[in-house]
Amino acid sequence: MVRDEFDHSADFDDPVYVISIVARMVGMHAQTLRQYERVGLVEPKRSGGNIRLYSRADVERLRQAQRMVNDLGVNLAGVEVILRMNERIQAMEQELETLRREVQRHRDRRLPAVRD
4 MVRDEFDHSA DFDDPVYVIS IVARMVGMHA QTLRQYERVG LVEPKRSGGN IRLYSRADVE
64 RLRQAQRMVN DLGVNLAGVE VILRMNERIQ AMEQELETLR REVQRHRDRR LPAVRD
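Each number in our numbering comes from the position in the sequence shown (counting from 1) with 3 added on.
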């Protein structure tokens, strides 16, 4: 089943869009999407019938790549490096936040409650 762009019932990473829909959503030719897949910018899932299925995360990644190429003149190799660095930064920020919460939990356990 193909869901429209505004259906938020699917998880951000759920593969729900076929290539023709994604091509219209991002304003690219389907052949460009295949090229982006070949160079590793996006990795759509495959259905049992080997049909490419893209998630909302894939669509967002394609839009980011498109902006970098069209607006900033970045080549595809540069786009790949930038996207991977952004993913790494986000993962590190999440890890840092997890560690901050863990440190705070330890502090909260060690400090006796102040009683009036």
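Ideal Cβ positions, reconstructed from N, Cα and C, are used throughout, including at glycine.
Distance cut-off 8 Å: residue i Cβ against heavy atoms of the ligand HEM
| i | result |
| --- | --- |
| Val-84 | Among the components of this structure there are no ligands whatsoever, and the ligand HEM is therefore not found. |
Cβ-based burial, residue i [other Cβ within 10 Å; buried from 16]
| i | result |
| --- | --- |
| Ala-80 | exposed |
| Arg-59 | buried |
| Arg-64 | buried |
Contacting residues, own chain, Cβ-Cβ under 7 Å from residue i (five flanking each side not counted)
| i | result |
| --- | --- |
| Arg-113 | none |
Cutoff 8 Å; reference residue i; Cβ partners in own chain excluding five residues on either side
| i | result |
| --- | --- |
| Asn-78 | Val-72 |
| Arg-66 | Val-29 |
Identified DSSP bridge partners for residue i
| i | result |
| --- | --- |
| Val-72 | Val-72 is not bridged to any residue. |
| Tyr-138 | Coverage of the chain is limited to positions 4 through 119, which leaves residue 138 absent and any answer about it impossible. |
Contacting residues, own chain, Cβ-Cβ under 6 Å from residue i (five flanking each side not counted)
| i | result |
| --- | --- |
| Ala-33 | Ile-22 and Ala-26 |
(message) Assess contact between the segment 48-68 and the segment 18-34, defined as three or more Cβ pairs (one per stretch) separated by less than 8 Å. Is contact present?
(response) Under the 8 Å Cβ criterion, the segment 48-68 counts as touching the segment 18-34, having at least three qualifying pairs.
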